[in-house]
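Novice: Structure provided below as structure tokens; questions to follow.
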């Protein structure tokens, strides 16, 4: 009986470790003194935790975490935080547009800050899938957690993303019904997102 209990406890411990790894990044292979260059550059926090994007379900059976490992185009309007992934035979890239980070209100009483930022996911195919991500920055524990994603479109051109009256307003170009994806998108779309009042960790579309 005791042996069965020990086995059950071991299984629970493994599941807990998997969940922590998924959301905070894998620390098992990190050398002593490791810190995330991406978080240090973008948020001035020297931490061993990583900035992990939860990869939405695109041609995979499950969601996965992608660690952002480098900054490209630093100091330019095209600056991005980059991460690469491989799931089974699929390889891809995640680019977070940190120049369009928007904070959602002031720091909370428990020293947390929430922000949104667009990011794109591409793989060996021709698609480039753009999302708006909702993130939580824990200033005490020096961690960043990806809470939710809202899909915007495939191979779009994001024109503007701003906060107005606690809402996230976006303007982007998408391909029209008769337009080839090889062409630059020309159909302008306006979209307004916000944080769900009932579930504050979820992004929702505002309907007018």
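In my numbering, the protein residues as written are 343 to 550.
All C-beta atoms in this analysis are idealised placements derived from N, C-alpha and C, irrespective of residue type, glycine included.
Just to confirm my understanding: we take residue 376, look at its own chain, exclude 5 residues before and 5 after, and list those with CB closer than 6 Å. What are they?
Specialist: Walking along the chain shown from the start, residue 376 turns up at place 34. 390, listed in sequence order.
Novice: Compare the C-alpha of residue 435 against each of 455, 443 and 462 and name the closest.
Specialist: To locate residue 435, count along the chain shown from 1; it is residue 93. Of the candidates 455, 443 and 462, the one whose C-alpha sits nearest the C-alpha of residue 435 is 462.
Novice: Taking C-alpha atoms, which residue in 528, 533 and 460 lies nearest to residue 396?
Specialist: By 1-based counting over the chain shown, the position of residue 396 is 54. Considering only alpha carbons, the answer is 460.
Novice: Measuring straight from C-alpha to C-alpha, what distance separates residue 530 and residue 471?
Specialist: In the chain shown, residue 530 corresponds to position 188, counting from 1. In the chain shown, residue 471 corresponds to position 129, counting from 1. In a straight line, the C-alpha of residue 530 is about 17 Å away from that of residue 471.
Novice: By Cβ distance below 8 Å, which residues in the same chain neighbour residue 544 in space, the five residues on each side in sequence not counted?
Specialist: As a position in the chain shown, residue 544 is number 202, starting the count at 1. These residues qualify, in order along the chain: 476, 489, 490, 537 and 538.
Novice: Run through the region 380–451 for me and flag every whole beta strand (DSSP E) of 3 or more residues, listed as ranges in chain order.
Specialist: For the region 380–451, whole beta strand (DSSP E) runs of length 3 or above, ordered along the chain, are 394–397, 406–409, 412–414, 422–429 and 432–438.
Novice: Thinking C-alpha only, which one of 522, 382, 500 and 374 is nearest residue 512?
Specialist: As a working mapping, residue 512 is identified with position 170 in the chain shown. Per the Cα distances, 500.
Novice: Could you tell me whether the Cβ atoms of residue 458 and residue 413 are closer together than 8 Å?
Specialist: Stepping through the chain shown from its first residue, residue 458 is reached at position 116. Stepping through the chain shown from its first residue, residue 413 is reached at position 71. No; because the gap between Cβ atoms is not below 8 Å, this pair is not in contact.
Novice: On a Cα-Cα basis, can you pick out the residue from 386, 493, 426 and 444 that is closest to residue 508?
Specialist: Reading the chain shown from its first residue, position 166 is the one you call residue 508. That would be 444, whose Cα lies nearest to the Cα of residue 508.
Novice: Since residue 393 and residue 486 are thought to touch, with beta carbons under 8 Å apart, how far apart are those beta carbons, to the nearest angstrom?
Specialist: Taking the first residue of the chain shown as 1, we reach residue 393 at position 51. Taking the first residue of the chain shown as 1, we reach residue 486 at position 144. 5 Å between Cβ atoms; contact.
Novice: For residue 504, write down the residues that DSSP places opposite it in a beta bridge.
Specialist: The residue you call residue 504 lines up with position 162 of the chain shown. Its beta-bridge partners are 511.
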